[in-house]
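Its first residue numbered 30, the sequence shown is counted upward by one per residue in this note's numbering.
Report on one structure; see the data block that follows.
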Amino acid sequence: MTTWQTPSSVPTLKKNEVHIWRAELAVSPQQLQEYSTLLNSDETKRARRFHFDIHRNRFTAARAMLRLLLGRYLNCSPQEIIFKYESHGKPTIENNALELQFNVSHSDNYFVAAFTLNHLIGIDIEEISDRAGADIAERFFSASEYEAMMRLPEQEQQNAFFHIWTQKEAFIKAIGQGLSFPLKDFIVSIQAPAKLISIKNASADDWHMQDFFTYSNFATAFATQQKVNHVKFFNFSELNNKTF
Ligand SMILES: CC(C)(COP(=O)(O)OP(=O)(O)OC[C@H]1O[C@@H](n2cnc3c(N)ncnc32)[C@H](O)[C@@H]1OP(=O)(O)O)[C@@H](O)C(=O)NCCC(=O)NCCS
Numbered sequence: 030m031t032t033w034q035t036p037s038s039v040p041t042l043k044k045n046e047v048h049i050w051r052a053e054l055a056v057s058p059q060q061l062q063e064y065s066t067l068l069n070s071d072e073t074k075r076a077r078r079f080h081f082d083i084h085r086n087r088f089t090a091a092r093a094m095l096r097l098l099l100g101r102y103l104n105c106s107p108q109e110i111i112f113k114y115e116s117h118g119k120p121t122i123e124n125n126a127l128e129l130q131f132n133v134s135h136s137d138n139y140f141v142a143a144f145t146l147n148h149l150i151g152i153d154i155e156e157i158s159d160r161a162g163a164d165i166a167e168r169f170f171s172a173s174e175y176e177a178m179m180r181l182p183e184q185e186q187q188n189a190f191f192h193i194w195t196q197k198e199a200f201i202k203a204i205g206q207g208l209s210f211p212l213k214d215f216i217v218s219i220q221a222p223a224k225l226i227s228i229k230n231a232s233a234d235d236w237h238m239q240d241f242f243t244y245s246n247f248a249t250a251f252a253t254q255q256k257v258n259h260v261k262f263f264n265f266s267e268l269n270n271k272t273f
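Rendered as structure tokens:
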């Protein structure tokens, strides 16, 4: 079972520890206005490009929450964070003395963020929906994953699909390569608990893969390249009110 704490400030992140945060992206108009002041000009331009308000607002809230958390971990203001982007778009932080690593994911109204020190990390949240299907699994999963999934009772296949999918996204987001990395080239568990079983031409031994509960009807997993001592789960909501 995942136990979510609601801290009054951002706790210290220790070596080989992982902090996971969750939040809802629908916020009050006043909160949204405050959040929008935290974005830099590029992010504001990106927000303006969304066609629908709901998507613009979710992007603004998610980016502001990320800046607020990073600011607290790095002991600076949220506006001072300077992102740089790797070749496939993974954001990292410039002048990062703490070597803080992070990754975020959002699905519908929900946001998750993962933080650790010195080691690659990726996270993914997905709504469990009818998008799952044998054809997508056959196209993207390895043959052994696809076949094992299809051998499950039909009513378990949808959960298995998103269990596999979130682990795959968490891994490709950790390494920063996104969908340019073939999802067939590594194998994960079919059902809980999450596990990175093997990677083509590389060792899976130094990876930690974990699935966990965030919200009903959502699958979530993170992957990090280290032996993890401790994983802590935090709600963003209370912290939110004390931020400004
Ligand atoms: C990374 C990727 C798997 C994300 O999938 P998704 O399920 O749509 O999105 P999620 O909500 O889980 O994650 C989005 C967040 O991941 C981060 N992200 C973006 N690219 C990333 C990457 N390559 N690796 C890790 N994280 C990435 C960002 O913080 C992004 O948040 P933002 O949109 O608010 O900035 C997908 O977008 C992808 O494959 N991108 C690569 C694209 C590429 O190769 N581009 C080449 C560009 S030149």
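We put the CB at the ideal spot given by N, CA and C, even for glycine.
Since this is a predicted model, take the numbers as computed values, not measurements.
- Looking at the backbone, the Cα of K229 and that of S37 are separated by about 43 Å.
- Distances from the CB of N125 to the heavy atoms of ligand 1 are all 7 Å or more.
- When rounded, the separation of the alpha-carbon atoms in I111 and A161 is 37 Å.
- Of the candidates T32, T243, A163, V257, the residue whose Cα lies closest to the Cα of D153 is T243.
- Relative to ligand 1, the nearest heavy atom lies less than 7 Å away from the CB of V133.
- Remark: the shortest separation between the CB of S70 and any heavy atom of ligand 1 does not fall under 7 Å.
- Boundaries for G162: no beta strand (DSSP E) harbours it, and the DSSP string shows neither H nor E there.
- Judged by DSSP secondary structure, K74 falls outside any beta strand (DSSP E) and instead within the alpha helix (DSSP H) spanning 70-78.
- Exposure of M30 is indicated by the presence of fewer than 16 other C-beta atoms within 10 angstroms of its C-beta.
- Within its own chain, the residues whose Cβ lies closer than 8 Å to the Cβ of P107, once the five positions on either side in sequence are excluded, are L67, A93, R96, L97, L99, G100, listed in chain order.
- According to the DSSP assignment, T89 belongs to the alpha helix (DSSP H) that extends over 82-103.
- Within the same chain, Cβ atoms closer than 7 Å to the Cβ of V257 are found at N45, V47, H237, the five residues on either side in sequence being excluded.
- Here DSSP, grouped into helix, strand and coil, assigns I111 to coil.
- Contact holds between the stretch 184-202 and the stretch 139-153, because three or more Cβ pairs, one in each stretch, are under 8 Å apart.
- For G205 against K119, the beta-carbon gap comes to about 4 Å, under 8 Å, which counts as contact.
- Per DSSP, L67 lies in no beta strand (DSSP E) and is assigned neither H nor E.
- D235 places its beta carbon 8 Å or farther from that of P222.
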